[in-house]
Amino acid sequence: MMASIRFHGRGGQGAVTASKLLAEVAYMSGYYSQSMPFFGAERRGAPVIAFTRISDEPLFETSQVYHPNIVVVLDPVILRAVDIFSGVKEGGTVIINTTKKPEDFEFEQDYLNIITVDATGVAIENDLLLAGLPVVNTPMLGPLIRAFELLNMPLKLELLERVVTRKFGKAGMKNVSAIKQAYERAEMKTIRGKRKRKRRKKEKITVEFPISFPSEGVAGKTKMWRDFRPEIDYEKCNDCLSCWLHCPESAIRVNDRVEIDYEYCKGCLVCSAICPKRAVKTGREVFA
Amino acid sequence: MNVRILTGNESAAYSAMKSMVRVVAAYPITPATPVVETVAKLVESGEMQAKMIRVESEHSAMAACIGASTAGSRTFTATSSHGLAYMHEMLHWATNARTPVVMAVANRAIGPGWNIWADLSDALSQRDTGWIQLYCSGNQEIYDTIAMAYRLAEDRKVLLPAMVCYDGFVLSHTAMPVEITDFEGFLEEYNPKWRLDADNPFTHGNILPPEPFAELRHNIQKAHDRALKIMKKIEDEFYEFTKRETPLIIEEYRTEDADIVIVTMGAIASEAKIAVNSLREKKVKAGLLRIKSFRPFPEKDVKNYLEGKRVYVFDRAISPGSGGQLFREIRSALAFSDVKSVVPRVVGIGGIDVTKRTIEKAIFERKIWIKEVVA
Numbered sequence: 014m015m016a017s018i019r020f021h022g023r024g025g026q027g028a029v030t031a032s033k034l035l036a037e038v039a040y041m042s043g044y045y046s047q048s049m050p051f052f053g054a055e056r057r058g059a060p061v062i063a064f065t066r067i068s069d070e071p072l073f074e075t076s077q078v079y080h081p082n083i084v085v086v087l088d089p090v091i092l093r094a095v096d097i098f099s100g101v102k103e104g105g106t107v108i109i110n111t112t113k114k115p116e117d118f119e120f121e122q123d124y125l126n127i128i129t130v131d132a133t134g135v136a137i138e139n140d141l142l143l144a145g146l147p148v149v150n151t152p153m154l155g156p157l158i159r160a161f162e163l164l165n166m167p168l169k170l171e172l173l174e175r176v177v178t179r180k181f182g183k184a185g186m187k188n189v190s191a192i193k194q195a196y197e198r199a200e201m202k203t204i205r206g207k208r209k210r211k212r213r214k215k216e217k218i219t220v221e222f223p224i225s226f227p228s229e230g231v232a233g234k235t236k237m238w239r240d241f242r243p244e245i246d247y248e249k250c251n252d253c254l255s256c257w258l259h260c261p262e263s264a265i266r267v268n269d270r271v272e273i274d275y276e277y278c279k280g281c282l283v284c285s286a287i288c289p290k291r292a293v294k295t296g297r298e299v300f301a
Numbered sequence: 006m007n008v009r010i011l012t013g014n015e016s017a018a019y020s021a022m023k024s025m026v027r028v029v030a031a032y033p034i035t036p037a038t039p040v041v042e043t044v045a046k047l048v049e050s051g052e053m054q055a056k057m058i059r060v061e062s063e064h065s066a067m068a069a070c071i072g073a074s075t076a077g078s079r080t081f082t083a084t085s086s087h088g089l090a091y092m093h094e095m096l097h098w099a100t101n102a103r104t105p106v107v108m109a110v111a112n113r114a115i116g117p118g119w120n121i122w123a124d125l126s127d128a129l130s131q132r133d134t135g136w137i138q139l140y141c142s143g144n145q146e147i148y149d150t151i152a153m154a155y156r157l158a159e160d161r162k163v164l165l166p167a168m169v170c171y172d173g174f175v176l177s178h179t180a181m182p183v184e185i186t187d188f189e190g191f192l193e194e195y196n197p198k199w200r201l202d203a204d205n206p207f208t209h210g211n212i213l214p215p216e217p218f219a220e221l222r223h224n225i226q227k228a229h230d231r232a233l234k235i236m237k238k239i240e241d242e243f244y245e246f247t248k249r250e251t252p253l254i255i256e257e258y259r260t261e262d263a264d265i266v267i268v269t270m271g272a273i274a275s276e277a278k279i280a281v282n283s284l285r286e287k288k289v290k291a292g293l294l295r296i297k298s299f300r301p302f303p304e305k306d307v308k309n310y311l312e313g314k315r316v317y318v319f320d321r322a323i324s325p326g327s328g329g330q331l332f333r334e335i336r337s338a339l340a341f342s343d344v345k346s347v348v349p350r351v352v353g354i355g356g357i358d359v360t361k362r363t364i365e366k367a368i369f370e371r372k373i374w375i376k377e378v379v380a
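First to last, the sequence lines map onto chains A and B. Each number in our numbering corresponds to the 1-based position in the first sequence with 13 added. Each number in our numbering corresponds to the 1-based position in the second sequence with 5 added.
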């Protein structure tokens, strides 16, 4: 029996770490395991994926997972950009960090087990913060143990706790209590899929020369990558254009005054650091 | 048993430590960067007794390795793609100087068309530099192969540099359980035949007129021939020492009664094992031959295993104007043997995912074979 797990997260949230921790726990529980991140042009905030395979027979796979048994979604914002249900096996389990209920999700499969848990809330309650942001990767491992119970491949919660404490040292205890809380608070339901199956068309690409032309937002609308939101205080701004010059994404437009294009701003805050008048204020960005 | 969950890069770094490497000169490049990072961490913590030389380019990294090796230390470096291409001149130097440097290469495509993903074209374009090239298909194998490569490279009858190659990201960033064994007993501290010595001065790498130079090159060819025999000995000794069957030359999987044999290198070979099993469930008697040692090329073994079979060669690189490099090698090795046919396919270029379906589909597309094979 082989179980494959797909993690969805955003750069910096620790999807890769979570997949590696899970592989370690599985190995300690007596299974063969493998953790495989998919790397692209990842940066803080960009959607990322990672895979884990767990099996009672030796693993020879070196390809990505296309039909996972379990999907873990670390950030609800991902739902807008990526189809998290893509390829999930019938009767599989999808674990989502959200304040919504399991009934609120639609998918193409006949039925899936949906587990919802407010891992962000759990992280904040347990003071599990890194650089001011809630750490959601470890709490999400709690409900994951539940998904393995469904698969008849029990992983021990104690082993997970041991691996986490060894990995994080002092902060280990906070992580452990968050994992336990998330495990208990997780809400699970088996849901029938309602969405109609769509056939996806593959775009035909022709590349004869390695050239590309300037275009807006080749990576899509990158506002999703933003954890912080810059705001210009026009009382202080003297139109020196330093922010326009230094913005790495050209997301600052100059019309009658300088304006931030919030569709593409990734929240790197270079503008705030560079502003001689300190006219760019920063605050937390909340999408979900 | 000390088992840890390590990525391919980490296994390479740990193996260098356990192989008693004393000098590391490296310049980071994706996807080989974590090798350099891990080595730096191990040296910093005092766990690894080595000197880490920071250099300004890959060209200098290899030059520093050659220097350190001629001074009598066991040296290690790691690179990838453009870094390896940049080393090209020094790679020739390392061979002709007969310095047993071992290098980890995380295979990656070469730009432009900026691509950081798995593709064997970087290492295969260094095919003719005279380096021993070993292609791994798992993390435990990377760990084992580096130690075995030192044994091979430093053998007095070989004295050649060796590359230990593994697919970038596919292996370099995938974590798997790896058994960390000490190599003390299997490997000893490096004891060179000669070393640069200020008290006993001599010249190294001086001008060589045509005849002596031809002889130098001829000796390198002979060293490669001897290497194949020594590899077999090292395989046995390694098994005695660790009880792990790690091949150095070739790995065979269910070829004996096979009608169709898949031939490939690197991580694809691992996935191909699943394809072989799945094909056999579909009544196609398939087998797998993995070439681990691309240089020296084990021509005789290839002939032995592929005699009378249908051969499908999967290449993860292409030599434009000629086709897959491995295919050409296999084809020429089988030129005078009795094989049914040899068919090429280039897959996984620039990191395209190679799944068991890719391999199965390729075989089922060859309908003439399927008709002959499935009665």
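Where a beta carbon is used, it is the ideal one built from N, C-alpha and C, also for glycine. Every value quoted in this text rests on a predicted model; they were computed, and no experiment measured them.
Can you confirm whether residue i, when its beta carbon is compared against all beta carbons of chain B, has any partner nearer than 8 Å?
{"i": "A:Glu-37", "result": "yes"}
{"i": "A:Thr-219", "result": "no"}
{"i": "A:Lys-33", "result": "yes"}
{"i": "A:Tyr-40", "result": "yes"}
{"i": "A:Met-186", "result": "no"}
{"i": "A:Thr-203", "result": "no"}
{"i": "A:Ser-76", "result": "yes"}
Does any residue of chain A bring its CB to less than 8 Å from the CB of residue i?
{"i": "B:Lys-278", "result": "yes"}
{"i": "B:His-178", "result": "yes"}
{"i": "B:Val-351", "result": "no"}
{"i": "B:Ile-115", "result": "no"}
{"i": "B:Asp-124", "result": "no"}
{"i": "B:Thr-186", "result": "no"}
{"i": "B:Pro-182", "result": "yes"}
{"i": "B:Asp-202", "result": "no"}
{"i": "B:Ile-147", "result": "no"}
{"i": "B:Ile-10", "result": "yes"}
{"i": "B:Asp-230", "result": "no"}
{"i": "B:Ser-275", "result": "yes"}
{"i": "B:Glu-358", "result": "Checking the sequence shown, residue 358 of chain B turns out to be Asp, not Glu. Yes - at least one Cβ of chain A is within 8 Å of the one on B:Asp-358."}
{"i": "B:Phe-174", "result": "yes"}
{"i": "B:Ala-272", "result": "yes"}
{"i": "B:Gly-13", "result": "no"}
{"i": "B:Gly-88", "result": "no"}
What are the start and end residues of the alpha helix (DSSP H) that includes residue i?
{"i": "B:Thr-269", "result": "Here B:Thr-269 belongs to no alpha helix (DSSP H); instead the beta strand (DSSP E) covers 265-269."}
{"i": "B:Asn-14", "result": "13-23"}
{"i": "B:Glu-377", "result": "372-378"}
{"i": "A:Glu-171", "result": "170-181"}
{"i": "A:Glu-244", "result": "Counting along the chain, A:Glu-244 falls outside any alpha helix (DSSP H), though it belongs to the beta strand (DSSP E) covering 241-245."}
Tell me the rounded alpha-carbon separation between residue i and residue j.
{"i": "B:Leu-47", "j": "B:Glu-242", "result": "28 Å"}
{"i": "B:Pro-197", "j": "B:Asn-211", "result": "20 Å"}
{"i": "A:Leu-360", "j": "A:Glu-174", "result": "This structure gives no information on residue 360 of chain A, because the portion of chain A shown stretches from 14 to 301."}
{"i": "A:Pro-152", "j": "B:Asp-133", "result": "52 Å"}
{"i": "B:Glu-94", "j": "B:Leu-192", "result": "30 Å"}
{"i": "B:Ala-167", "j": "B:Asp-320", "result": "21 Å"}
{"i": "A:Arg-23", "j": "A:Arg-212", "result": "27 Å"}
{"i": "B:Gly-356", "j": "B:Arg-350", "result": "15 Å"}
{"i": "B:Val-8", "j": "A:Lys-183", "result": "24 Å"}
{"i": "A:Ile-109", "j": "A:Val-189", "result": "19 Å"}
{"i": "A:Lys-294", "j": "A:Leu-282", "result": "9 Å"}
{"i": "B:Lys-287", "j": "B:Ala-380", "result": "12 Å"}
{"i": "B:Asp-187", "j": "A:Glu-37", "result": "22 Å"}
{"i": "A:Val-135", "j": "B:Glu-49", "result": "37 Å"}
{"i": "A:Ala-59", "j": "B:Ala-66", "result": "34 Å"}
{"i": "B:Tyr-310", "j": "B:Leu-294", "result": "8 Å"}
List the endpoints of the continuous beta strand (DSSP E) containing residue i.
{"i": "B:Leu-139", "result": "137-140"}
{"i": "A:Asn-126", "result": "124-130"}
{"i": "B:Ile-58", "result": "56-59"}
State yes or no: is the C-beta of residue i nearer than 7 Å to some heavy atom of the ligand NAP?
{"i": "A:Lys-183", "result": "As far as ligands go, the structure on display features none, and thus does not contain the ligand NAP."}
> Do the segment 106-116 of chain B and the segment 76-89 of chain B make contact, defined as three or more Cβ pairs closer than 8 Å?
Replying inline: A contact between stretches requires three or more CB pairs, one per stretch, nearer than 8 Å, and the segment 106-116 of chain B meets this requirement with the segment 76-89 of chain B.
> Taking three-plus beta-carbon pairs below 8 Å as touching, is the segment 104-121 of chain A in contact with the segment 152-166 of chain A?
Replying inline: Yes, they touch.
>> If contact is defined by three or more beta carbon pairs under 8 Å, each pair taking one atom from either stretch, is the segment 87-99 of chain A in contact with the segment 70-77 of chain A?
In response: Result no; under three Cβ-Cβ pairs closer than 8 Å.
> Below 8 Å, can you find three or more Cβ-Cβ pairs linking the segment 49-68 of chain B to the segment 282-297 of chain A?
Replying inline: Contact between the segment 49-68 of chain B and the segment 282-297 of chain A is not established, with fewer than three Cβ pairs separated by less than 8 Å.
> Between the segment 254-262 of chain B and the segment 211-220 of chain B, are three or more C-beta pairs nearer than 8 Å?
Replying inline: Contact between the segment 254-262 of chain B and the segment 211-220 of chain B is absent, because fewer than three Cβ pairs lie under 8 Å.
> Which parts of the segment 98-168 of chain B are runs of the alpha helix (DSSP H), unbroken and 4 residues or longer, counting only runs that do not cross its ends?
Replying inline: Runs of the alpha helix (DSSP H) inside the segment 98-168 of chain B: 126-129, 144-159.
> Which runs of the beta strand (DSSP E), 3 residues or longer, sit entirely within the segment 296-358 of chain B?
Replying inline: Fully enclosed beta strand (DSSP E) runs of 3 or longer: 298-300, 315-320, 346-351.
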